[in-house]
């Protein structure tokens with residue numbers, strides 16, 4: 001495909017040197033002094049303790065649970081008003097924050113209505129994709145709507161990803177599951193064989209029923225591309241494969257997943273915007289791979305990040321990622337530019353935080369991914385200290401928290 005060649009060429013052209021644009025653009029990438037880091041750390045610890053305590057107090061009765069959810073919502077509002085990490089209230093303003101709050105509540109309610117058995121971390125998986133969709137909607141100048149098809153598409157993640165990532169399930173069973181999804185997308189008759197397949201088919205019906213004609217064909221085409229990339233990624237788990245092949249899978253998997261979000265975010269599809277969101281999806285895929293580098297290494301899964309770590313060039317790979325984010329998001333001109341700088345700043349921020357977390361020994365990890373001087377050079381741009389990140393890694397191990405809930 002042409003877009004794979006284009007992104008591969010852009011990726012190869014990025015420098016592997018330290019991202020000096022951080023220093024050159026202090027208006028976007030502000031250095032965080034020690035006092036502010038301490039304040040941020042105190043807030044994070046306070047929130048973590050409150051959330052753990054609140055989770056333990058979740059009542060069973062519907063009326064009591066409604067009050068519990070209201071109290072939790074008010075606490076989170078208070079956090080958003082005073083936090084200086086993402087600075088959401090500063091970047092978004094009251095109206096946009098209200099829209100996110102309203103549709104997120106709507107989204108969570110519909111998720112629970114679809115499947116009450118979903119665990120909090122699975123709901124979080126779906127929410128992460130919804131937040132990506134929400135950002136795209138705002139950059140496209142539209143309005144969020146936590147309904148079909150984005151509800152169904154976001155809900156596919158906790159079902160499909162968790163099944164594919166489950167090491168106890170054989171590769172053949174995973175391949176059968178993917179073939180079932182493929183037949184369903186192509187309009188063939190499918191008889192679900194278990195609860196997972198029944199839920200998956202219902203979600204696919206919710207997506208496809210929202211479109212007809214050429215629009216439906218396009219959505220199906222993108223979802224089939226994502227399915228094919230997902231099928232290929234199963235081979236990344238154990239097989240030794242060439243880095244060029246890993247790069248192609250990363251582009252296809254990440255690109256098609258976010259392109260689908262774009263298709264659901266607007267009806268005004270444009271080629272230049274599609275090209276950008278393919279690149280944006282590739283960026284998010286690499287950020288995920290950086291976050292999961294320790295787990296992927298243990299599992300024997302091959303990604304661009306695990307390969308780079310094995311060959312002692314992870315610093316160069318992270319630099320290339322940072323330059324790629326800077327050049328591609330910076331060059332994009334969305335219909336509504338208000339949030340672009342926020343997206344740029346936080347893509348860079350989460351990448352630096354992920355690198356620092358990977359490079360900070362903690363939680364039983366003795367792996368050294370980066371030279372100490374590299375992390376020290378990045379530390380001024382972190383909202384917290386590297387020592388605090390080490391402590392959080394230890395806490396994550398003790399509490400059994402997934403990376404995504406620690407990092408985002």
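Residue numbers (the numbering used here): 1 to 408. Even for Gly, the Cβ is constructed at its ideal location relative to N, Cα and C.
Distance CB(residue i)-CB(residue j) smaller than 8 Å
i: residue 281; j: residue 254; result: yes
i: residue 4; j: residue 197; result: no
i: residue 350; j: residue 287; result: yes
i: residue 155; j: residue 185; result: no
i: residue 352; j: residue 381; result: yes
i: residue 150; j: residue 21; result: no
i: residue 139; j: residue 371; result: no
i: residue 37; j: residue 383; result: yes
i: residue 164; j: residue 174; result: yes
i: residue 167; j: residue 35; result: no
i: residue 100; j: residue 61; result: no
Buried versus exposed call for residue i [16 or more other C-beta atoms within 10 Å across all chains shown]
i: residue 19; result: buried
i: residue 170; result: exposed
i: residue 337; result: exposed
i: residue 271; result: exposed
i: residue 11; result: buried
i: residue 301; result: buried
i: residue 189; result: exposed
i: residue 261; result: buried
Cutoff 8 Å; reference residue i; Cβ partners in own chain excluding five residues on either side
i: residue 146; result: 103, 104, 106, 107, 110, 130
i: residue 142; result: 265, 266
i: residue 243; result: 304, 307
i: residue 320; result: 11, 14, 15, 16
i: residue 7; result: 251, 255, 278, 279, 282
DSSP-derived helix/strand/coil call for residue i
i: residue 272; result: helix
i: residue 194; result: coil
i: residue 57; result: coil
i: residue 339; result: helix
i: residue 130; result: helix
i: residue 333; result: coil
i: residue 300; result: coil
i: residue 1; result: coil
i: residue 306; result: helix
i: residue 404; result: Interpretation of residue 404 is limited by its pLDDT of 41, a score under 50 that renders its predicted location unreliable; the figure taken from the coordinates is listed afterwards. The answer is helix: DSSP assigns residue 404 an H, G or I state.
i: residue 313; result: coil
i: residue 29; result: coil
i: residue 289; result: helix
i: residue 110; result: helix
i: residue 373; result: helix
i: residue 48; result: helix
i: residue 267; result: coil
i: residue 413; result: Given a span of 1 to 408 for the chain in the structure shown, any question on residue 413 remains unanswerable.
i: residue 137; result: helix
i: residue 212; result: coil
i: residue 40; result: helix
Residue i CB to nearest heavy atom of the ligand SAH below 7 Å
i: residue 138; result: As presented, the structure is devoid of all ligands, the ligand SAH included, so that no description of it is given.
Same chain, Cβ closer than 7 Å to residue i, five either side skipped, listed in chain order
i: residue 157; result: 125, 126, 129
i: residue 178; result: 227, 230, 231
i: residue 1; result: none
i: residue 115; result: 199
Among the options, the one whose alpha carbon lies nearest that of residue i
i: residue 344; options: 25, 39, 5; result: 25
i: residue 257; options: 246, 245, 274, 241; result: 274
i: residue 56; options: 159, 139, 68, 240; result: 68
i: residue 58; options: 205, 46, 72, 233; result: 72
i: residue 31; options: 387, 386, 379; result: 379
i: residue 359; options: 290, 141, 330; result: 290
i: residue 329; options: 346, 45, 316; result: 346
i: residue 276; options: 332, 391, 29; result: 332
i: residue 355; options: 318, 391, 341, 377; result: 318
Residues near residue i in its chain [Cβ-Cβ closer than 6 Å; skip 5 each side]
i: residue 226; result: 256, 257
i: residue 357; result: 389
i: residue 148; result: 206, 210
i: residue 15; result: 323
i: residue 326; result: 21
i: residue 314; result: 308, 369
i: residue 9; result: none
Interface flag, residue i vs chain B, CB-CB below 8 Å
i: residue 29; result: Of the protein chains in this structure there is only one, and it is not chain B.
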